[in-house]
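Number of protein chains: 2
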Amino acid sequence: MIRLSVLYPATEGATFDHDYYRDKHVPLAVETWGVSRFEIDKGISGPYVAAVHLFFDSMEAMAEAMGVEGTGEIIADVANYTTITPVQQLAEIVA
Amino acid sequence: MIRLSVLYPATEGATFDHDYYRDKHVPLAVETWGVSRFEIDKGISGPYVAAVHLFFDSMEAMAEAMGVEGTGEIIADVANYTTITPVQQLAEIVA
Numbered sequence: 001m002i003r004l005s006v007l008y009p010a011t012e013g014a015t016f017d018h019d020y021y022r023d024k025h026v027p028l029a030v031e032t033w034g035v036s037r038f039e040i041d042k043g044i045s046g047p048y049v050a051a052v053h054l055f056f057d058s059m060e061a062m063a064e065a066m067g068v069e070g071t072g073e074i075i076a077d078v079a080n081y082t083t084i085t086p087v088q089q090l091a092e093i094v095a
Numbered sequence: 096m097i098r099l100s101v102l103y104p105a106t107e108g109a110t111f112d113h114d115y116y117r118d119k120h121v122p123l124a125v126e127t128w129g130v131s132r133f134e135i136d137k138g139i140s141g142p143y144v145a146a147v148h149l150f151f152d153s154m155e156a157m158a159e160a161m162g163v164e165g166t167g168e169i170i171a172d173v174a175n176y177t178t179i180t181p182v183q184q185l186a187e188i189v190a
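Residue numbers (my numbering), protein chains in the order written: chain A, 1 to 95; chain C, 96 to 190.
Listed below in structure tokens is the structure:
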């Protein structure tokens, strides 16, 4: 199983609309990419104010999911909820 | 639900024993703290070479779990698998 984490670093003066992220942005992404399992984090402490974890069966499945036309719309939607540039972490879940 | 992520930043010249981490260290931690759900990540790309995600019902449950005597032994065991100083991220899972 592959985890794609999109992490939003806490940034001085930045804004992040957690409601829009949970109710609009992530649903758009998971619907467009056909993601069957995901988790949304609201930061309490540590380097990130928010994150999403998307789970895929394999790297190939992830690449195929994100190759669709709607990916551009998802990226364009980021400006609607934050001024933070996210960081991507990709990992294999080993246990 | 609360997620505690322990993240190991990719560090020039550092070492990380993924087998020891999966087979010895994380099992010690989850047994000592009575963690019922966890996931271990092996980094593929991005800022971290490894991570563990521990899930707790509440902040109180997490504090209580980690207040046990064995926590010192867990911290001391870190030197057995890595030279990296981990970063902790705490978050509420909102979806």
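Positions of the beta carbon are idealized from the N, C-alpha and C atoms, including for glycine. As the structure is a computational prediction, the values presented were derived from the model and not from experiment.
Check	Outcome
Three-state secondary structure assigned by DSSP to residue 96 of chain A	Residue 96 of chain A cannot be examined here, being either before or after the span of chain A that is shown, 1 to 95.
Under 8 angstroms by beta carbon: chain C residues contacting residue 3 of chain A	134 and 136
Buried versus exposed call for residue 132 of chain C [16 or more other C-beta atoms within 10 Å across all chains shown]	exposed
Residues bridged to residue 28 of chain A [DSSP beta-bridge criterion]	Partner(s): none; residue 28 of chain A has no beta bridge.
Burial state of residue 184 of chain C (16 or more Cβ within 10 Å)	buried
Closer than 6 angstroms: residue 86 of chain A CB and nearest the ligand COA heavy atom	For the structure depicted, the ligand COA is absent and the ligand set is empty, with no information on it obtainable.
Neighbourhood of residue 148 of chain C by C-beta, 6 angstroms cutoff - its chain only, sequence neighbours within 5 removed	98, 100 and 134
Test item: CB-CB of residue 121 of chain C and residue 22 of chain A under 7 angstroms	no
Close Cβ partners of residue 59 of chain A (< 7 angstroms) along its chain, the five nearest in sequence each way excluded	2
Close beta carbons around residue 97 of chain A, own chain, < 8 angstroms, minus the five adjacent residues each side	Outside the shown range of chain A (1 to 95) lies residue 97 of chain A, about which nothing can therefore be said.
Closest residue to residue 80 of chain A among A:20, A:47 and A:66 (Cα-Cα distance)	A:20
One or two residues paired with residue 104 of chain C in a DSSP bridge	C:143
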